[in-house]
Each structure stands twice: as C-alpha cells, then as structure tokens.
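K.L.:
Offset between the sequence shown (1-based) and my numbering: plus 324.
Beta carbons are placed, not taken as given, at the ideal position from N, Cα and C, and that holds for glycine.
Encoded as structure tokens, here's the structure I'll be asking about.
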Amino acid sequence: MKIGILTFHRAHNYGAVLQAYALKEFLKTIYSDVEVVDYKPSYFEIYNNGSNFKNLLSTSLVRFIKNLYFYPYIKKRNDAFNKFIKDDISPSSKCYTQKDTIKGYDVLVYGSDQIWNGNHTNGPDNIFWGYMTSVETKKIVYAASTSETFFNIEKAQYIKNALQNFDSISVRERSILTLLNKYTEKSIEYVVDPTFLLSKRNWIDKFNLKETKHDYILIYQVRETPLTLEIAKDYAKKNNLRIIILTKMVYQYFDSKYNQTASPKDFVSLIMNADLVLTTSFHGTIFSVIFRKNFYTINVNKEINERSFSLLSNIGLNNRLIYEKPYKYTDVDYNSDIISKIDKLITSSQNYIQKSLI
325 MKIGILTFHR AHNYGAVLQA YALKEFLKTI YSDVEVVDYK PSYFEIYNNG SNFKNLLSTS
385 LVRFIKNLYF YPYIKKRNDA FNKFIKDDIS PSSKCYTQKD TIKGYDVLVY GSDQIWNGNH
445 TNGPDNIFWG YMTSVETKKI VYAASTSETF FNIEKAQYIK NALQNFDSIS VRERSILTLL
505 NKYTEKSIEY VVDPTFLLSK RNWIDKFNLK ETKHDYILIY QVRETPLTLE IAKDYAKKNN
565 LRIIILTKMV YQYFDSKYNQ TASPKDFVSL IMNADLVLTT SFHGTIFSVI FRKNFYTINV
625 NKEINERSFS LLSNIGLNNR LIYEKPYKYT DVDYNSDIIS KIDKLITSSQ NYIQKSLI
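Listed below in structure tokens is the structure:
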C-alpha cells in the first residue's frame, strides 16, 4: 500500500517542516511505502518571499542595501531548510500544482498544520479539501487546523460538501472539532500534532542530537512581544545564563545572541539543551513538552494562544501560558498525572491513524 501525505512541507518554518517529517516517519513504522506529496500551490511563494536574490532586488534602495548586506545569512538559513526538505522529508519526485490530479496513492493523509486555513491558502484549497484525486483513494485527515472561527454561508456550504470526501477526520484543536461538527454527521476526533508521534528518544536518535551544557535561555517567537525579552533578561540575570534568540529577521538584529541561520535540526537541539524556553510558538511549546523542559508560552495573539492553550489545557499545563512577567519563576512539574495525560493523548492519536488505515 502506498501512502501520500498532503501538508505544508516547503514553508521555511520549523513547525511546518518538522510536523511533516514526524508524520512521515511515524507512518513508516506501519507501512514502508510512504512519501510526502510535493504539492506546491501558487500561494506558496508568499511564505518564502525573500528567499531568493531576485525577490531581494524588488524593493526600496535602503531595503536593498540591507538585503544585500544580510543576504549571506538569508541564504544560509534557506539552504538549511532546503537541505532538510530534500534529504529528510524527501518529497515525491513529481511536483503537483493546484490544477493537477493527485494520482498513484492508495491512501492520502491530509495534514497536519493549517491546511484548512483559508487565510493561508487564498481561500479553500481544493487539494487540501479532498478534491482533485481518484474516488478509489482512501482519504484520511490527520490533525488538520485552521484559525478561522466562523464561516459565511458560501464557505459553510463548501465545507459541508468537502467533508464528505474524507473517510476519517481528525483535528488538532478541540475548538475546530466543535466548529466542524456543525457541518457533518461524521465522527471527528481530536488528536495531537504529528511532532508528538515521535518520542524524545526518537528525535534524539533520528537527528543524532548531543547533550550540551544547559547554560542558556532560548527565545523563539513567531510573533514578537517585548514581554518575552523582559522575562528572559530578568531570569538570565538571576541564574547567570546566556540568552539565545532564534529569529529569521536578520534585518533587525546583528548581535551574537541572535541565531538567524539555525536548521530544523538545530532548532530541536537548541530546545533540548536550553535551561529555559520562552516562546510564542505552538511548536516551540510542543518541543518543550516533548523534551520535558522548563518553559513559558507567552501571550501574543488569539490565534497562537488558542492552539497552545488547547494543548496545555489538555495536559494540565495551562499555567505555563502567561500574560505578564511571573512574580516567581517555577519549574514545570512533570508529575505522573501530567505524563499520563500526554501519553494517553499520543496513544489515542496513534490508534486513530492505525484504525483509519485499515
């Protein structure tokens, strides 16, 4: 049986590529013939704008000078992502566009990530909604997500029809489950992000990660807030730690504490070896939990907080989502109850995949 995965796998975003990799690797423990479908929609270029020299030229003179100066950093970061996509995700040899019919797979797994977020896909993407493939192909949704909380009449009808395309459906947030239940009588399950499907030991072994001295605080923000750096400086001073900031915004920073060129594997390693992780990122939160790190997820906006709050509430760690500098810093208590909740969610998610493939 040949399985294809349809997801966001080419975005130069740590969460996007790591969730694609994790789902592929887990599915390969069940069936050997698994690959990520190299689907490259036209709107994809929006997410990697600035990733090549041509795009850097089409800007103002001041911006161009900055781009030219920092281009080696931009190129190094993009080369690191492209290498990971090519070598580790290793997508299909055939590249598909929005006009193509996806052929040659017995099963298509849709997800994870925000494949159903019309704000990211320039309206509903027929490929991600189960169209443009053969009727005989089994279609399984795994941990699909969207930040949308309301659909107008036209889109609601589209979704109602599209949900009929799938043999089994699961989503990454309980709020989405509640939303989609309005449009189908099919059973929809709540599952964890694919990155949870691989254990801490799996990540260490697959990426050949090495333990180092935990002498730094790691900051990783997908949306920036001054509160994060304020907390980091305070904690670093009290505990005599360095601060490392993961960012792709090379124009804003030129300081040794900023890391603009980390590969996806570096990202996982930096979290594993941090004394404390401060993040506004959903996947920053997930990997902190996987590696049982001390962390705080910082309030930044409703979209990101909904995903993180949903996860943290389900495992009993919602006190790690904060809105202001803590009066007192506390270690994460990974007690037996919390570990049990995490393990149960992972097991039920793995079981969902296995029964859906039958």
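(1) Pick helix, strand or coil for serine 673, following the three-state DSSP scheme.
(2) What does a CB cutoff of less than 7 Å around alanine 598 pick up in its chain, not counting 5 residues either side in sequence?
(3) Whole-angstrom Cβ separation of serine 612 and glycine 339, contact assumed at under 8 Å?
(4) Tyrosine 676 to alanine 560, Cα distance in whole Å?
(5) List the DSSP bridge partners of lysine 463.
(6) Are the beta-carbon atoms belonging to glutamate 460 and asparagine 441 less than 9 Å from one another?
(7) Where do the N-terminal and C-terminal ends of the alpha helix (DSSP H) with tyrosine 559 fall, by residue?
(8) Specify, as a first and last residue, the run of the alpha helix (DSSP H) that phenylalanine 619 falls within.
(9) If you pair each beta-carbon of the stretch 484-493 with each one of the stretch 442-457, do three or more pairs fall below 8 Å?
(10) Say whether chain E places a C-beta atom closer than 9 Å to the C-beta of isoleucine 666.
(11) Is the distance from the Cβ of serine 436 to the Cβ of leucine 347 below 9 Å?
(12) For leucine 570, name the three-state secondary structure that DSSP assigns.
(13) Could you check what DSSP says for threonine 353 in three-state terms: helix, strand or coil?
(14) Tell me the DSSP bridge mates of alanine 468?
(15) Determine which residues share a DSSP beta bridge with glycine 328 and list them.
(16) Per DSSP, what kind of secondary structure is valine 341 in: helix, strand or coil?
(17) Would you grab the beta carbon distance between tyrosine 466 and valine 515 for me? Rounded to a whole angstrom, and I think it's under 8 Å.
(18) Could you tell me the distance, in whole angstroms, from the CA atom of aspartate 412 to the CA atom of tyrosine 651?
(19) What do you get for proline 550, buried or exposed, if any count of 16 or more other CB atoms within 10 angstroms of its CB means buried?
(20) What's the C-alpha gap between phenylalanine 591 and lysine 484?
(21) Of the choices Glu509, Gln343, Arg498 and Asn476, whose alpha-carbon is the least far from that of tyrosine 434?
(22) What are the start and end residues of the alpha helix (DSSP H) that includes tyrosine 658?
(23) What do you reckon, are the CB atoms on tyrosine 320 and isoleucine 451 nearer than 9 Å?
(24) Provide the residue(s) that pair with leucine 645 in DSSP beta bridges, ordered along the chain.
(25) Distance check for asparagine 391 and phenylalanine 615, CA to CA, integer angstroms please.
(26) Quick one: Cα of serine 664 to Cα of proline 396, how far?
P.N.:
According to the structure shown:
(1) Taking the sequence shown and counting its residues from 1, one reaches residue 673 at position 349. DSSP places serine 673 in helix when its eight states are reduced to three.
(2) Taking the first residue of the sequence shown as position 1, residue 598 is located at position 274. For alanine 598, where only same-chain residues beyond five positions count, the Cβ hits under 7 Å are His538, Tyr540, Ile541, Leu542 and Lys617.
(3) Here the question's residue 612 lines up with position 288 in the sequence shown. Here the question's residue 339 lines up with position 15 in the sequence shown. Serine 612 to glycine 339, Cβ: 13 Å. No contact.
(4) Working through the sequence shown from its first residue, we reach residue 676 at position 352. Working through the sequence shown from its first residue, we reach residue 560 at position 236. Taking the straight line joining both Cα atoms gives about 42 Å.
(5) As a first step, residue 463 must be located in the sequence shown, where it is residue number 139. In DSSP, lysine 463 forms a bridge with Leu432.
(6) Position 136 of the sequence shown, counted from the first residue, corresponds to residue 460. Position 117 of the sequence shown, counted from the first residue, corresponds to residue 441. No, they are not a contact pair.
(7) On the sequence shown, position 235 is the one that residue 559 refers to. Where tyrosine 559 is concerned, the enclosing alpha helix (DSSP H) stretches over 550-563.
(8) Counting from one through the sequence shown, the residue named residue 619 turns up at place 295. Here phenylalanine 619 belongs to no alpha helix (DSSP H); instead the beta strand (DSSP E) covers 619-622.
(9) yes
(10) Of the protein chains in this structure there is only one, and it is not chain E.
(11) Here residue 436 corresponds to residue number 112 of the sequence shown, with the count starting at 1. Here residue 347 corresponds to residue number 23 of the sequence shown, with the count starting at 1. Yes. Within cutoff.
(12) Start at 1 with the first residue of the sequence shown, and residue 570 comes out as number 246. Leucine 570: strand per DSSP, three-state reduction.
(13) For the purposes of this step, residue 353 is taken as residue 29 along the sequence shown, with counting starting at 1. It is coil, neither helix nor strand.
(14) The count along the sequence shown starts at 1 and reaches residue 468 at position 144. Note: alanine 468 sits in a beta bridge opposite Asp437 and Val495.
(15) Position 4 of the sequence shown holds residue 328. Answer is Glu359 and Leu432.
(16) Residue mapping note: residue 341 aligns to position 17 of the sequence shown, counting from 1. Here valine 341 carries a helix assignment [DSSP, helix/strand/coil].
(17) If you number the sequence shown from 1, residue 466 lands on position 142. If you number the sequence shown from 1, residue 515 lands on position 191. Between the beta-carbon of tyrosine 466 and that of valine 515 there is about 7 Å, and that keeps the pair under the 8 Å contact cut.
(18) In the sequence shown, residue 412 corresponds to position 88, counting from 1. In the sequence shown, residue 651 corresponds to position 327, counting from 1. Rounded to the nearest whole angstrom, the C-alpha separation of aspartate 412 and tyrosine 651 is 43 Å.
(19) For this step, residue 550 is matched to residue 226 along the sequence shown. Proline 550 is exposed by the Cβ-count criterion.
(20) The count along the sequence shown starts at 1 and reaches residue 591 at position 267. The count along the sequence shown starts at 1 and reaches residue 484 at position 160. C-alpha separation (whole angstroms): 38 Å.
(21) Position 110 of the sequence shown, counting from 1, holds the residue named residue 434. Answer by Cα proximity: Gln343.
(22) As a working mapping, residue 658 is identified with position 334 in the sequence shown. Premise fails: tyrosine 658 is in no alpha helix (DSSP H) and is neither H nor E.
(23) With the chain running from 325 to 682 in the structure shown, residue 320 is simply not present.
(24) Start at 1 with the first residue of the sequence shown, and residue 645 comes out as number 321. For leucine 645, which the question treats as bridged, DSSP gives the partners Thr621.
(25) Position 291 of the sequence shown, counting from 1, holds the residue named residue 615. Position 67 of the sequence shown, counting from 1, holds the residue named residue 391. Their backbone Cα atoms lie some 36 Å apart in a straight line.
(26) Working through the sequence shown from its first residue, we reach residue 664 at position 340. Working through the sequence shown from its first residue, we reach residue 396 at position 72. Looking at the two C-alpha atoms, the distance is approximately 46 Å.
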